[in-house]
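Okay, structure first, notes after.
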Amino acid sequence: MCDFYQQAADVIEQLIQKKGSIKGLTYNRNVNVKTSKTCYALVCETLKYKGVIDQIIELTAGLEKEFKKNKTIKYSLLVVMIYELLFSANGKIKGGGQAKKLLSHYQAPINSALARMKIQKKVSENIDLLPDNIRYPITLPRYVRVNTLFNDCDENCIKNVIEHFVNVEGFELLSKPPKLQTKSITIKKENGTVEQQQQTTIILGEKEFYQDLDFPEILIFHHAVDLHDHKMLLNGQIILQDKASCLPSFILSPPPGSVCIDSCSAPGNKTSLLSAQMKNTGKIFAIEKDTKRCGTLIKLTKRSLCKNIETINDSFLNLKHDDPKFKDVEYILCDPSCSGSGIVNRLDYLLPTKYSTDEIVTDENDEDLDEILNQQNQSTKLPEKEKEKSILNKKELKKEKKRKLKEMKQGGKKQQKDNNNKLPLVPPIKTKEEIEEQERIEEEKRVKLLADFQLSIIQHSFAFPNVKKVIYSTCSTHQVENEDVVKRAIDELNKDGEKWKVVKILPHWTNSRGLPIYKNSDYSIRMTPSKDFTIGFFVALFEKIINNNSENNNNNNNNNNNNNNNNNNNNNNNNNNNNNNNNNNNNNNNNNNNSENNKLNIKNENEAPKIIQSDKIHIKPGNNKNNNSNNKNNNNNNNKNNKDKNNNNNKDKNKINIKNQNIKLEESDQKHPKKKLKLK
Ligand SMILES: C[S@@+](CC[C@H](N)C(=O)[O-])C[C@H]1O[C@@H](n2cnc3c(N)ncnc32)[C@H](O)[C@@H]1O
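Using UniProt numbering, you'd call the opening residue of the sequence shown number 1 and step up by one each time.
Shown next, in the form of structure tokens:
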């Protein structure tokens with residue numbers, strides 16, 4: 001038997017036991033990269049078909065029994081080999097061995113089970129047996145964040161990374177975001193009907209990449225580009241982080257020298273970006289409750305060359321507000337555990353369990369949801385009635401599912417017995433629809449419990465004596481965990497008068513706003529995979545109202561923002577999400593004084609005069625000398641502003657953070673639709 005089968009089977013076995021992620025488990029094995037790649041592909045392909053293969057095994061009389069008798073063959077190996085036999089391009093099992101012998105015995109009934117399934121589902125191709133989310137997955141590009149802490153905050157760090165990809169690895173840097181392509185796909189439904197759906201993709205070649213227009217640190221590659229063992233990743237020069245996941249740190253934007261808390265920080269991608277924003281100065285208290293994940297946090301932030309982090313392995317909820325250590329904390333990032341329903345790019349969705357996304361260690365999520373849910377059940381913050389209602393935690397849910405499955409399997413036999421004895425011992429078997437409905441209700445309860453936990457995390461943040469800004473984010477798509485949490489928090493905070501407000505962040509991103517559920521719920525950002533080509537993500541910024549004169553402050557702030565736009569000759573504010581970027585490429589790529597910019601801001605002011613706009617402005621790299629000198633001036637002003645900040649009531653609102661990475665680009669092919677650029 002081929003070695004790969006056993007390796008892939010072992011990985012699948014470990015995945016089922018929730019011992020890690022697909023990539024982690026495949027690549028951490030003691031094999032070379034080429035072998036790992038083959039094994040990874042086999043694991044992914046097998047997982048795609050696992051649901052179908054499970055059914056085939058069930059439909060093949062005697063196979064499961066035979067396999068159970070033979071204790072040396074693992075179920076996962078059987079699955080891998082059936083994949084190879086029925087669905088791979090090979091169509092046959094390589095090598096020999098016991099498992100192959102067993103399977104060849106059953107080859108005819110296995111083929112006939114597959115044929116019956118296809119007839120039942122009214123499909124002619126094997127691929128049509130796959131569920132829609134597997135057949136038509138949304139593939140997100142590969143986001144690379146350049147670590148601006150590299151080489152002691154070397155001002156050329158972005159340029160160096162770009163140069164490496166272009167000159168050493170033969171990638172082509174596009175001068176602007178590539179075009180989008182929308183195509184119509186035909187989806188075959190289970191009942192045999194067909195449906196047309198629109199799917200939009202980014203047209204990006206495997207050897208092409210481009211620089212994000214909003215955040216120049218972010219480089220965007222084709223989804224198949226594999227950088228997980230890239231030397232620039234291992235030495236801390238780059239970080240693999242989705243654009244959406246960068247938003248909380250970019251928006252909170254603590255100035256150098258400030259003091260912050262990252263309340264739920266492992267594995268630490270947002271922490272290291274905060275650290276980069278602060279240029280390794282000031283202090284970040286990185287709190288992580290889970291000890292194992294805390295280890296990852298320490299390892300990754302060290303690799304990212306962060307020097308201003310104090311890690312605390314404890315629950316954020318245990319931090320005392322009057323601890324002198326936290327007296328200067330002004331900025332708090334809250335990225336608590338969530339349902340992870342926005343994570344689409346990873347292959348976790350291929351895993352057999354419904355809650356797989358939450359249960360394995362991923363960048364965005366965590367594995368301690370059970371504990372959170374248990375804690376929430378005991379939480380004193382929950383009203384008694386709610387507590388009673390929420391006894392269902394995930395472990396219980398799993399037990400319940402197992403029990404039901406067992407019941408279903410035994411149901412037939414027992415029911416027969418019961419009918420004979422006229423005493424029904426087991427409840428009637430539930431239909432598929434009834435089970436699905438029950439699961440939906442249980443999932444709803446689970447999300448509600450998570451929302452209570454998320455609320456408790458932000459509420460704990462507001463009570464630090466000097467906190468000014470609290471940013472809240474989730475990688476969930478559920479309104480309950482997003483807009484609803486924000487509303488609950490602000491209502492509770494302001495019940496005795498206006499003390500905090502929700503700030504309109506990135507006002508120029510017109511397409512990716514929070515759901516319009518209540519007044520100003522669209523002040524927040526909501527990223528959607530099919531539209532923004534990022535993971536599903538939500539961000540909201542809370543800001544303390546410093547004094548009663550808040551309207552003046554707002555106006556001043558808006559004026560400052562406008563001045564900044566004028567001074568910087570920068571069109572970054574005019575950039576929108578990817579969709580808009582593509583429509584506005586010409587505007588976006590002009591580094592000219594752009595009157596549209598001002599119009600845009602004025603429009604926003606008119607629409608929402610009391611809104612404080614995000615106070616971070618990034619300068620897009622350009623080769624315009626005037627821009628550069630203006631940027632330098634502004635940098636100086638900015639430093640001065642920072643120094644003087646204690647003298648001013650509006651201190652942090654006047655701050656401008658300018659990224660002044662002077663990458664010089666030279667067009668080498670004017671005619672090419674996607675202009676090639678050479679780095680000077
Ligand atoms: C969504 S993840 C954070 C991801 C992280 N911000 C990043 O971008 O790399 C949530 C983290 O919060 C941790 N956590 C959960 N409850 C916590 C608590 N009460 N106090 C501190 N950390 C907690 C989890 O263990 C998990 O590592």
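Yeah, the Cβ is synthetic: ideal placement off N, Cα and C, and Gly gets one too. None of the values given here were measured: they were computed from a predicted structure.
Considering Cα atoms alone, identify which of the options is closest to residue i.
i	options	result
TYR106	LYS207, LYS65, PHE87	LYS65
THR72	GLN98, ILE517, HIS222	GLN98
ASP154	GLN237, GLU498, PRO267	GLN237
residue 681	GLU481, GLY96, ASP328	Nothing about residue 681 can be read from this structure; the chain reaches only from 1 to 680.
SER524	ILE287, LYS279, VAL502	VAL502
ARG526	SER36, ASN520, LYS100, ASN511	ASN511
THR534	LEU86, MET81, SER476	SER476
ILE185	LYS519, PRO137, PHE171	PRO137
PHE542	GLU169, GLN459, ASP532, LEU227	GLN459
PRO216	ASN313, LYS487, THR148, ASP128	THR148
GLU492	PRO465, VAL480, SER456, LEU506	SER456
SER530	ASP452, THR46, LEU86, VAL344	VAL344
TYR472	ILE332, GLU206, LEU515	ILE332
GLN241	VAL123, LYS270, LYS92, PHE150	LYS270
GLY257	GLU330, THR46, TYR40	GLU330
ASP484	GLY342, TYR40, ASN520	ASN520
ILE84	ASN70, ARG303, ASN111	Looking at the sequence shown, residue 84 is not Ile but Glu. Measuring from the Cα of GLU84, the nearest candidate turns out to be ASN111.
What would DSSP say about residue i, mapped onto helix, strand or coil?
i	result
GLU169	coil
THR72	coil
LYS544	strand
TYR472	strand
LYS283	strand
ASP522	helix
TYR210	strand
ASN557	Any reading at ASN557 must be qualified, since the residue scores a pLDDT of 42, below 50, and its modelled position is unreliable; no value is offered.
PHE326	helix
ILE82	helix
VAL480	helix
LEU60	The residue asked about is misnamed: residue 60 is Thr in this sequence, not Leu. Here THR60 sits in coil by DSSP.
ASN571	Because the pLDDT of ASN571 is 36, which lies under 50, any placement of that residue in the model is unreliable, and the number read from its coordinates should be weighed accordingly. ASN571: coil per DSSP, three-state reduction.
LEU305	coil
THR182	strand
ILE312	strand
First and last residue of the beta strand (DSSP E) that includes residue i?
i	result
GLU330	329–334
TYR143	142–146
ILE218	218–221
CYS260	259–262
LEU240	238–240
VAL225	Element bounds for VAL225: n/a, residue is neither H nor E.
GLN196	194–202
Buried or exposed for residue i, going by 16 or more other Cβ atoms inside 10 Å?
i	result
LYS299	exposed
SER36	buried
LYS307	exposed
ASN167	exposed
LYS100	buried
ASP323	exposed
GLU288	buried
CA-CA distance, residue i and residue j?
i	j	result
residue 704	PRO178	This structure cannot speak to residue 704, because the chain is shown only from 1 to 680.
SER104	ASP10	22 Å
LYS183	LYS504	34 Å
LYS50	ARG446	26 Å
ARG135	LYS48	9 Å
LYS176	GLY62	59 Å
VAL80	ASN318	46 Å
PHE4	LEU77	10 Å
LEU114	ILE56	6 Å
LEU59	VAL144	45 Å
LYS279	VAL161	18 Å
SER249	GLU443	30 Å
SER337	THR296	16 Å
LEU369	ASP226	With a pLDDT of only 49 at LEU369, under 50, the local geometry of the prediction cannot be trusted, and the value read off the model is given with reservation. About 29 Å.
ASN648	TYR518	Here ASN648 scores only 40 on pLDDT, less than 50, and its place in the model should not be relied on; the value that follows carries that caveat. About 34 Å.
LEU274	CYS334	12 Å
LEU213	GLN198	26 Å
Can you tell me where the alpha helix (DSSP H) with residue i in it begins and where it stops?
i	result
TYR27	22–27
ASP532	529–532
GLU483	483–493
LYS501	Where LYS501 is concerned, there is no enclosing alpha helix (DSSP H), although the beta strand (DSSP E) it sits in stretches over 500–503.
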